[in-house]
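For reference, the structure discussed in these notes is given below.
2 protein chains.
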Amino acid sequence: MTISKDLIDAARGAVPCDLNLANCSLLDLLRGVIRKGATVSVRKGIVAGVDDGLRAERTIDLKGQFLAPGLVDSHVHIESSLLAPPEYARIVAPRGTTAVVADPHEIANVMGYDGMRYMLAASEGLPIDVYLMVPSCVPATDFDTAGAALYASDMHPFLREPRVLGLGEVMNYPGVLYKDQKLLDKIALFRDAAKPVDGHAPGLSGGELSAYISAGIGSDHECTSVAEALEKLSKGMYIMLREGSTARDLRNLIPAITPSTASRFLICSDDRHPNDLVDEGHMDHALRLLLAGGVDPIDAFRIACLNPATWFGLKTSGAVAPGYKADFVVFDSLEDFRARMVFKDGVLIAEDGRLLVEPPGARPPARDSVNIKWLTEEDFRIPAAGSRIRVIEARSGSIITGEKIMQAKVESGLCVADVARDLLKIFVIERHSGSGNIGKGFITGFGLGRGAIGLTISHDSHNMIVAGVDDRSIFRAAKHLNKMKGGMVFAVGDEIVLDLSLPIAGLMSDEGPAIVVDRLRAFEEIFVREGLSNRTPLMTLSFMALPVIPKLKITDKGLVDVERFSPVNLFAD
Amino acid sequence: MTISKDLIDAARGAVPCDLNLANCSLLDLLRGVIRKGATVSVRKGIVAGVDDGLRAERTIDLKGQFLAPGLVDSHVHIESSLLAPPEYARIVAPRGTTAVVADPHEIANVMGYDGMRYMLAASEGLPIDVYLMVPSCVPATDFDTAGAALYASDMHPFLREPRVLGLGEVMNYPGVLYKDQKLLDKIALFRDAAKPVDGHAPGLSGGELSAYISAGIGSDHECTSVAEALEKLSKGMYIMLREGSTARDLRNLIPAITPSTASRFLICSDDRHPNDLVDEGHMDHALRLLLAGGVDPIDAFRIACLNPATWFGLKTSGAVAPGYKADFVVFDSLEDFRARMVFKDGVLIAEDGRLLVEPPGARPPARDSVNIKWLTEEDFRIPAAGSRIRVIEARSGSIITGEKIMQAKVESGLCVADVARDLLKIFVIERHSGSGNIGKGFITGFGLGRGAIGLTISHDSHNMIVAGVDDRSIFRAAKHLNKMKGGMVFAVGDEIVLDLSLPIAGLMSDEGPAIVVDRLRAFEEIFVREGLSNRTPLMTLSFMALPVIPKLKITDKGLVDVERFSPVNLFAD
Numbered sequence: 005m006t007i008s009k010d011l012i013d014a015a016r017g018a019v020p021c022d023l024n025l026a027n028c029s030l031l032d033l034l035r036g037v038i039r040k041g042a043t044v045s046v047r048k049g050i051v052a053g054v055d056d057g058l059r060a061e062r063t064i065d066l067k068g069q070f071l072a073p074g075l076v077d078s079h080v081h082i083e084s085s086l087l088a089p090p091e092y093a094r095i096v097a098p099r100g101t102t103a104v105v106a107d108p109h110e111i112a113n114v115m116g117y118d119g120m121r122y123m124l125a126a127s128e129g130l131p132i133d134v135y136l137m138v139p140s141c142v143p144a145t146d147f148d149t150a151g152a153a154l155y156a157s158d159m160h161p162f163l164r165e166p167r168v169l170g171l172g173e174v175m176n177y178p179g180v181l182y183k184d185q186k187l188l189d190k191i192a193l194f195r196d197a198a199k200p201v202d203g204h205a206p207g208l209s210g211g212e213l214s215a216y217i218s219a220g221i222g223s224d225h226e227c228t229s230v231a232e233a234l235e236k237l238s239k240g241m242y243i244m245l246r247e248g249s250t251a252r253d254l255r256n257l258i259p260a261i262t263p264s265t266a267s268r269f270l271i272c273s274d275d276r277h278p279n280d281l282v283d284e285g286h287m288d289h290a291l292r293l294l295l296a297g298g299v300d301p302i303d304a305f306r307i308a309c310l311n312p313a314t315w316f317g318l319k320t321s322g323a324v325a326p327g328y329k330a331d332f333v334v335f336d337s338l339e340d341f342r343a344r345m346v347f348k349d350g351v352l353i354a355e356d357g358r359l360l361v362e363p364p365g366a367r368p369p370a371r372d373s374v375n376i377k378w379l380t381e382e383d384f385r386i387p388a389a390g391s392r393i394r395v396i397e398a399r400s401g402s403i404i405t406g407e408k409i410m411q412a413k414v415e416s417g418l419c420v421a422d423v424a425r426d427l428l429k430i431f432v433i434e435r436h437s438g439s440g441n442i443g444k445g446f447i448t449g450f451g452l453g454r455g456a457i458g459l460t461i462s463h464d465s466h467n468m469i470v471a472g473v474d475d476r477s478i479f480r481a482a483k484h485l486n487k488m489k490g491g492m493v494f495a496v497g498d499e500i501v502l503d504l505s506l507p508i509a510g511l512m513s514d515e516g517p518a519i520v521v522d523r524l525r526a527f528e529e530i531f532v533r534e535g536l537s538n539r540t541p542l543m544t545l546s547f548m549a550l551p552v553i554p555k556l557k558i559t560d561k562g563l564v565d566v567e568r569f570s571p572v573n574l575f576a577d
Numbered sequence: 005m006t007i008s009k010d011l012i013d014a015a016r017g018a019v020p021c022d023l024n025l026a027n028c029s030l031l032d033l034l035r036g037v038i039r040k041g042a043t044v045s046v047r048k049g050i051v052a053g054v055d056d057g058l059r060a061e062r063t064i065d066l067k068g069q070f071l072a073p074g075l076v077d078s079h080v081h082i083e084s085s086l087l088a089p090p091e092y093a094r095i096v097a098p099r100g101t102t103a104v105v106a107d108p109h110e111i112a113n114v115m116g117y118d119g120m121r122y123m124l125a126a127s128e129g130l131p132i133d134v135y136l137m138v139p140s141c142v143p144a145t146d147f148d149t150a151g152a153a154l155y156a157s158d159m160h161p162f163l164r165e166p167r168v169l170g171l172g173e174v175m176n177y178p179g180v181l182y183k184d185q186k187l188l189d190k191i192a193l194f195r196d197a198a199k200p201v202d203g204h205a206p207g208l209s210g211g212e213l214s215a216y217i218s219a220g221i222g223s224d225h226e227c228t229s230v231a232e233a234l235e236k237l238s239k240g241m242y243i244m245l246r247e248g249s250t251a252r253d254l255r256n257l258i259p260a261i262t263p264s265t266a267s268r269f270l271i272c273s274d275d276r277h278p279n280d281l282v283d284e285g286h287m288d289h290a291l292r293l294l295l296a297g298g299v300d301p302i303d304a305f306r307i308a309c310l311n312p313a314t315w316f317g318l319k320t321s322g323a324v325a326p327g328y329k330a331d332f333v334v335f336d337s338l339e340d341f342r343a344r345m346v347f348k349d350g351v352l353i354a355e356d357g358r359l360l361v362e363p364p365g366a367r368p369p370a371r372d373s374v375n376i377k378w379l380t381e382e383d384f385r386i387p388a389a390g391s392r393i394r395v396i397e398a399r400s401g402s403i404i405t406g407e408k409i410m411q412a413k414v415e416s417g418l419c420v421a422d423v424a425r426d427l428l429k430i431f432v433i434e435r436h437s438g439s440g441n442i443g444k445g446f447i448t449g450f451g452l453g454r455g456a457i458g459l460t461i462s463h464d465s466h467n468m469i470v471a472g473v474d475d476r477s478i479f480r481a482a483k484h485l486n487k488m489k490g491g492m493v494f495a496v497g498d499e500i501v502l503d504l505s506l507p508i509a510g511l512m513s514d515e516g517p518a519i520v521v522d523r524l525r526a527f528e529e530i531f532v533r534e535g536l537s538n539r540t541p542l543m544t545l546s547f548m549a550l551p552v553i554p555k556l557k558i559t560d561k562g563l564v565d566v567e568r569f570s571p572v573n574l575f576a577d
């Protein structure tokens, strides 16, 4: 932060301010009161004074409406919205979000350093501030083939980026407990620079939690119970209350918020799908839940605005006071919070849900990301090397799977799908290095009667994953994903029934939210029409290659028994 | 901060801890509760866990006593204790203070960069943590001759010192408002490094306060009223509640402390004399005042321990949690707080007021600091260039003076003292560069009947200041101060009635607290015996050369009318 002499002059009244926001009910989060009839004076995007009697070129009478700092999403994977940062901003800015702290873990698994650079470039000049945390766990495991790796030695340049705040969620908690040197090197790099290190420690407690924290990890967004949150608070963590699309923990944790603990909570979305952003909202939704849950409004806004600034070291954010960024949300009800006006850097950027400024276009990524070996239909054959097979048992709405031993259906020496028993073939096709690796297996729990579903989003390595009934459809789906440079597809035989291209790292669209949301709804409708028993087949499929969530998963190298932390053979004979 | 693999192992229970502090009532400041029957486990000076069931080599049963983090003095000039840092630590450590944030403004005015380096070296390895702020206003004014100057260019090396936290109190608020480039350069240096910049803005409000804050100044310890504190809170400042020897503002500010504001308050002593430290206490005294004033104990300890860690960015201080420093105070009453045991870095360093470790000796300063031109008795003559003189009107217990026009008493063409009218001669002798500058004037308000009082403490430039009845005594006092390399003296004719040598920069003793306190008491007794009307003659005298406090002051260059911000002639004719 440089010192603005112009701001000093404006605050003293020696030069006029640009804007007075008069007659507002100011949420004074620093003092903890609501100040009626307040006037906020802004000069060149910065607050010059509050109730200091300053003149301004322009005055907006807010007629008693509330004015608070803009809302902050303290932990988000923007990639989960399937939108590039500018298009993401288009949805969340009008809802009162003026800053997000993004961990570009997904794109980093595909494109590594380049992915991080892409997210920095693509989030320049938006109507929200996009801060970044450097993904700490790329690759996530050694079981599969990620597109990239990020070591401490790759991270140094990011320490000099003003919008890079710290190290992203340290998911690999066993790595901390067992003192994995590569991981400790990353943590030490940011800790030594006095920058925040975010945590991710679902269910960790007692000595193991203490050990994890003692390494310098200071936040957690994985709490699901009050007891878990209170232990983590006591041990020094900031607790991010998560309201994502799938993980919706916020409501359960409200009883942990008291006047005495409120300063240590934040809100975040983690993973939130674009339709939920459009239908339900973003941090405005989380804030409504807090307020409806009985959290004192001052505490609720501290959680949404001031506390993230404290945790992330953003010294001029999160409050309305001299020298702070002029990022505000104006609203008229504490009972039903809706952003009426949103100011970013002193400029009115949204009103009644409409964005008044045009974000820059989604910039193309550094390179295409789908790089698979030349395939033929024959590559999807599974020779019958036994009669009993290990089948992944998927459950609708869950990323945890079971393992089911089933009798293989064999035709001409090949194991094939069996619609009657809801048995599909599933493949993970390595898509980063053109290695030709294909993991082959079977899955149940989809209820797909024909065709194949495929996508290039498959956590965390984001290889291509396709499940289907027949090799023709599977081959067609894979070919089409390749042609689109990534995306989602439903193919039946030679026909592409529906697709959504995600050419940015195979994860994000280059289109706006309207198109993406429409296409996702069309997928939902088709899957209903096709009679699938799984209500979230794309989401379910996208987690079948994540070999850290029990029990049976599949990577480009084959099946993995997560509980035994070991590869296993398809055939159980 | 590096990561300790040993600590990770200890927290997990893979290696035993060094110490368990069992059965305590833990003030869990992070969660905001008192946890009875808690066990705190320590490994190599760091908390490994709390109630994590860890084994330890040694266990101390605290039998239900309270355990809290060590107390922090958030703003202190150690020089005001007249003690070198190790001897200062000897008094405050047994009272529960485990860290102080010192602004070595006084020694810096004498010795500049060397003074700052001396304080760093002399505070190494003490039983308390001494953190330093770099003095921002050296020299304080251009009216007199300080021993040194500190510009931004001198400050860069200190940014790399782990115990240097930020920039010390920016007293020169007009310099901020009028954009003094040399001052802004200093603030920008620390602000850009994301380090705290302490403020000092007595009575500043409205637009001027906003302008001052907008430059990046984030704390204030000069509030004297609740309204002042609340405005400063609203505008983003951390408020340090001061309980010094002279300035005692803490009690008046207690009504500003509510559950909603408590996180923005700290406590400090600013200037506290050694006798008050010995008789009344240090931060333990301030804490007793908070508790007696009805502040919730959790909030009171947050103010004393956790909030300073937040403001100063001390990420592993201020709480008892994994990875935090094992600095604790054990006590048995919240009604009458007294430190029973003090642990520093996991070691019991004090018990029932006794220090159990020996601090290192006071290291000699880099050089002697009293450098005056060869003087003779004749140098103290004041030729009568007029008949009416401007006299400094001193008031007991105050640093503000009046100006009184009096008839000069003239003998043989020289203006002389006049005991009958309480009119003393006063001299400020430049002592840094041997320039020979002597400011000459008259003062009233002491009631001294014979002899001369002199000292080398005179804010902020700490030139030699002597007031007396006759030239012989004045000369003797000055000569003795020179011989002692600084200190305090009362001389009558050729006799030194009492002295205290302060050879460290002319500000601090090289003796322990017992000797210094005894000697100060002896001074007090003598001044009573001599019948002085001023009850604090040494303190009063030490502020007569501070040309920023109204109305009439004297520097080595002569009299200054502070209200007119201008030098004035002794003679008013």
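Chains as they are written, first to last, in the working numbering: chain A, 5 to 577; chain B, 5 to 577.
Even glycine gets a Cβ: it sits at the ideal position worked out from N, Cα and C.
Note that the structure is a prediction, hence the values are computed from the model and not measured.
Reduced DSSP secondary structure (H/G/I, E/B, other) of residue i
{"i": "I461/A", "result": "coil"}
{"i": "I553/A", "result": "coil"}
{"i": "Y177/A", "result": "helix"}
{"i": "F575/A", "result": "strand"}
{"i": "P73/A", "result": "strand"}
{"i": "R392/A", "result": "strand"}
{"i": "T35/A", "result": "For the sequence presented, residue 35/A should be read as Arg rather than Thr. Residue state, collapsed to three classes: coil."}
Range of the contiguous alpha helix (DSSP H) that encloses residue i
{"i": "I191/B", "result": "Q185 to D196"}
{"i": "G116/B", "result": "H109 to A126"}
{"i": "A421/A", "result": "No alpha helix (DSSP H) contains A421/A, which DSSP labels as neither H nor E."}
{"i": "S214/B", "result": "G210 to S218"}
{"i": "M543/B", "result": "P541 to S546"}
{"i": "F316/B", "result": "N311 to F316"}
Chain A contact residues for residue i, given Cβ-Cβ distances below 7 Å
{"i": "P517/B", "result": "Under the 7 Å cutoff, chain A gives no residues; its nearest Cβ is about 35 Å from P517/B."}
{"i": "R35/B", "result": "L234, L237, S238 and T265"}
Own chain residues within Cβ distance below 6 Å of residue i, not counting five before or after
{"i": "T228/B", "result": "D253"}
N- and C-terminal bounds of the beta strand (DSSP E) containing residue i
{"i": "R167/A", "result": "R167/A -> no beta strand (DSSP E), and no H or E assigned at all."}
{"i": "E529/B", "result": "First-last for E529/B: P517 to R533, but that is the alpha helix (DSSP H), not the beta strand (DSSP E)."}
{"i": "I243/A", "result": "Y242 to R246"}
{"i": "L352/A", "result": "V351 to E355"}
{"i": "E61/A", "result": "A60 to D65"}
Beta-carbon neighbours of residue i, restricted to chain B and to distances below 8 Å
{"i": "S321/A", "result": "Under the 8 Å cutoff, chain B gives no residues; its nearest Cβ is about 11 Å from S321/A."}
Chain-ordered chain B contacts of residue i [CB-CB under 7 Å]
{"i": "K183/A", "result": "K9 and I12"}
{"i": "R16/A", "result": "L181, G211, E212 and A215"}
Residue i: contacting residues in chain A (beta-carbon distance under 9 Å)
{"i": "I191/B", "result": "I7"}
Chain-order list of residues whose beta-carbon lies under 7 Å from that of residue i (same chain, five-residue window excluded)
{"i": "L124/A", "result": "L136, E165 and R167"}
Open item on the list: By the 7 Å beta-carbon criterion, what residues does the stretch 205-217 of chain B contribute toward chain C?
Closed with: In the displayed structure, chain C is absent; the protein chains listed are A and B.
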